[in-house]
Structures are given as structure tokens and as C-alpha cells.
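In this text, residue positions in the sequence shown follow numbering that gives the first Met the number 0: the first is 0, and each later residue adds one.
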Amino acid sequence: MGGKQLGFTDYELTTAKKRTKREKFLAEMDAVVPWQALIDLIEPHYPKASKKGGRPPYLLGTMLRIHLLQQWYSLSDPAMEEALIEVPTMRRFAGIELISDRIPDETTILTFRHLLEKHGLGEQIFDTVKALLAARGVTMRQGTIVDATLIAAPSSTKNKEGKRDPEMHQTKKGNQWYFGMKVHAGVDKDSGLIHSVVVTAANVHDLTPAAELLHGEEEVVYGDAGYQGIAKRRDMEGTNAEFRVAMRPGKRRALPDTAEGKLLDLVETAKAHIRSKVEHPFRVIKQQFGFQKTRLRGLAKNRCKVNVLAALSNLYQARRQLLASV
């Protein structure tokens with residue numbers, strides 16, 4: 000970040016005032032994000048300073064920090080630029096001194112995101128974080144929970160094309176219709192961390208990308224009733240894992256009031272208890288980081304974003320273990 004200023008965490012430690020929730024969160028993230036590994040990943044694709052003069056590009060470390068701030072606080076490009084001007088904590092985290100440094104404008108912030116999308120760097124950021132967690136012994140690989148969650152897309156047609164995003168689709172859940180996309184995840188049953196993620200239109204059945212959510216070493220796979228029939232699928236041939244899929248709700252309600260019926264109900268409760276682990280990363284991404292509706296058009300851009308969010312969700316969930324081993 001350059002030698003002219005204290006690191007973000009150092010700054011926080013030198014201030015005597017009570018730390019805000021945001022300061023505490025950013026100090027923790029500052030300590031657990033593998034900055035150097037991510038910079039090394041992006042650097043080959045990042046523009047170098049021009050020999051013809053002109054403004055040098057912003058420090059890659061600064062742009063990466065701004066991009067992650069955008070994900071954590073669900074900010075659009077213009078809102079991110081404003082936050083850097085208005086919020087000292089965010090500015091310090093990005094390594095910007097308002098008096099001496101230029102603040103990247105919304106176009107610069109957008110250009111950086113396009114760079115990540117163009118070179119498939121979202122997926123590589125996710126893989127880099129997974130490798131870090133595996134090296135620290137945070138992830139187990141005995142079992143996988145598969146699940147999917149819906150992310151709404153704007154149904155507005157107030158855009159250049161005058162129509163809704165053609166890559167997003169409608170689907171019915173319960174008695175309600177949703178327009179948008181689906182995030183499918185394979186989550187480690189012990190740690191609750193995401194190891195696989197697939198992004199599709201909302202109308203794609205949960206079973207379709209299920210095989211892509213397994214890493215192949217699991218002994219057991221858990222899924223809700225939407226995954227009924229998973230073991231019989233052709234793309235699951237050769238999988239040695241045992242599938243523990245929830246009974247359909249109607250069938251469970253019809254269980255007889257006998258010893259066997261009660262036992263089967265207990266088994267379903269136990270399966271649901273393990274499956275609930277998959278809700279943690281979805282809750283972090285949708286509630287904590289505010290990704291309930293996408294601003295980006297098309298699945299490719301959203302795929303990049305979801306991979307970065309999955310990486311950040313894993314770091315957030317594993318932050319206690321990571322901080323303890325720093």
C-alpha cells in the first residue's frame with residue numbers, strides 16, 4: 000500500500016476512540032484476506048503505467064480493496080465512489096489519503112470489475128481462497144450439502160434495449176413467481192464453507208448442475224426434497240457417496256404414528272439439522288453482504304460476482320480460526 004501511511008489495522012490500533020462495527024469488521028477482513036496472493040493473481044492482467052506520461056493507473060492493491068468493499072456493502076459503482084469521498088473508514092481501508100491521493104471515480108471502479116470478468120478472475124479468486132482455507136486445515140471433505148437460492152433480477156424494461164435481461168428467467172416457488180437467477184452451492188457439511196458454486200437462470204432445476212457441486216471425495220451428500228432422484232442421474236454414475244435426500248413434505252406429514260414412523264421422522268429431523276449448515280453462507284451473502292437483487296445484466300458478470308462473494312463468505316465464516324492462526 001506504499002510506505003507513506005500506516006496499514007489499516009495499525010491505524011485502528013492507534014486510535015483510542017470506540018471502534019465502530021464497520022471498523023471492527025474491516026480490521027478482521029484486512030487480517031484474513033490473502034492480499035498478496037490475490038494481487039499476484041490479477042497483476043498479469045492489470046494495466047502498467049504508460050511510458051508516454053499521463054496519469055499512472057491506481058495501485059492494484061487499492062482497486063482490489065475497493066472492489067471487495069463494494070461486495071461487502073452491496074454498493075453500485077457511483078455509490079462506491081461517493082462512499083470513498085464520504086466515509087473515512089472505507090477510504091483508509093482502501094489506502095487512500097484524501098488530501099494527497101486521487102479517489103477512483105465510478106468509471107475506474109467499473110473498469111476494474113470488467114477486468115475481473117474478462118479474465119475469469121472471480122473463479123480464480125474463489126479457488127485461491129479455497130486453497131488458503133485447505134492449507135490452514137479449515138475445510139473437511141467428508142460430506143457435501145447441495146442447495147440453491149434465488150437471486151432476483153430487475154424486471155424493469157427501463158434500459159437501452161427496452162427489455163428485461165434475456166438471460167434471467169421466471170420460476171415459481173410455492174405460489175409465488177420469481178424473475179432472476181439461481182445460485183447453486185456445494186457446501187462442506189462440517190465447516191459450512193462453500194467449495195463449489197454454479198450460477199444459472201432461475202428456471203433451471205436444482206438437479207441439473209448438481210454433479211458440478213460435488214468434489215468427488217465426499218462419502219455422503221445431503222440435499223432437500225428438490226434433489227429427489229439425484230442418485231439415479233446419469234451424471235452421478237461412478238459417485239461412491241451415499242445420498243441422504245429429504246423426504247417430500249407431503250410424504251413426511253403422512254408418516255404413520257407408529258414406532259417406525261416416529262423413527263423415520265427423527266431421521267428426517269437429523270438430516271434437516273445437518274442441511275441447515277448450507278443456510279449460513281447463503282445468509283452471509285444475502286443478508287450480511289446484501290446480495291438479494293442483482294444489478295448486473297447477464298450470467299457471466301453475475302458468475303464473476305458470485306464467485307467473489309463465495310470467497311468472501313468463506314473468509315468471513317472462517318475468520319475466527321484464521322485470526323487465531325495469524
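Think of the CB as a built atom: it goes at the ideal place given N, C-alpha and C, for glycine as much as any other residue.
Residue i (DSSP reduced to helix, strand or coil)
i: E85; result: helix
i: D189; result: coil
i: T199; result: strand
i: G222; result: strand
i: V31; result: helix
i: A230; result: helix
i: R294; result: coil
i: E390; result: The structure shown has nothing for residue 390, since the chain only spans 0 to 325.
i: A323; result: helix
i: K3; result: With a pLDDT of 49 at K3, under the threshold of 50, the modelled position of that residue is not reliable, and no figure is offered here.
i: R54; result: coil
i: A184; result: strand
i: E22; result: helix
i: A15; result: Confidence in A15 is poor, its pLDDT being 49 and thus under 50, which makes the residue's placement unreliable; the coordinate value appears in the next sentence. In this structure, A15 counts as coil in the three-state DSSP scheme.
i: H214; result: coil
i: H204; result: coil
i: E236; result: coil
i: V305; result: helix
Rounded straight-line distance, which links the Cα of residue j to that of residue i
i: S187; j: A48; result: The sequence given here places Asp at residue 187; Ser does not occur at that position. Distance between the alpha carbons of D187 and A48 is about 42 Å.
i: A317; j: D256; result: 42 Å
i: I284; j: S312; result: 6 Å
i: E45; j: T110; result: Note that residue 45 corresponds to Tyr in the displayed sequence, not to Glu. Roughly 11 Å separates the two Cα atoms.
i: K304; j: G121; result: 6 Å
i: R287; j: W71; result: One detail in the question is off: residue 287 reads as Gln in this sequence, not Arg. Straight-line Cα distance between these residues: approximately 8 Å.
i: Y221; j: A133; result: 21 Å
i: H118; j: D223; result: 35 Å
i: R232; j: E241; result: 14 Å
i: A184; j: W176; result: 22 Å
i: D100; j: A269; result: 55 Å
i: M62; j: Q69; result: 11 Å
i: R163; j: G179; result: 10 Å
i: L322; j: A210; result: 34 Å
i: W34; j: R54; result: 25 Å
i: L25; j: L314; result: 12 Å
i: P280; j: R274; result: 12 Å
i: M79; j: A230; result: 45 Å
i: V266; j: D146; result: 19 Å
i: R247; j: A151; result: 26 Å
i: S190; j: P56; result: 39 Å
i: T88; j: D29; result: 12 Å
i: K250; j: A130; result: 41 Å
i: L262; j: L114; result: 54 Å
i: Y226; j: E217; result: 17 Å
i: R319; j: K23; result: 13 Å
i: G136; j: P43; result: 29 Å
i: V277; j: T148; result: 10 Å
Supposed close pair residue i, residue j - CB separation, criterion 8 Å
i: S195; j: L212; result: 5 Å
i: K292; j: P153; result: 7 Å
i: S73; j: G289; result: 3 Å
i: V307; j: I38; result: At roughly 15 Å, the Cβ-Cβ gap does not stay under 8 Å, so V307 and I38 are not in contact.
i: L298; j: V198; result: 6 Å
i: I193; j: A36; result: Actually they do not touch by this definition, with Cβ atoms about 18 Å apart.
i: I41; j: L58; result: No, I41 and L58 are not in contact; Cβ-Cβ is about 12 Å, not under 8 Å.
| said: Report the start-end ranges of each beta strand (DSSP E) in the segment 92–180 that is 3 residues or longer and not cut off at the edges. | reply: 142–151, 168–172
| request: Take every Cβ of the segment 166–178, pair it with every Cβ of the segment 131–145, and state whether three or more of those distances are shorter than 8 Å. | output: no
| So, do the segment 224–238 and the segment 101–116 have three or more beta carbon pairs nearer to each other than 8 Å? | No, the segment 224–238 does not touch the segment 101–116.
| request: Return the chain-ordered ranges of every alpha helix (DSSP H) run that is complete within the segment 248–285 and spans a minimum of 4 residues. | output: 248–252, 258–274, 278–282
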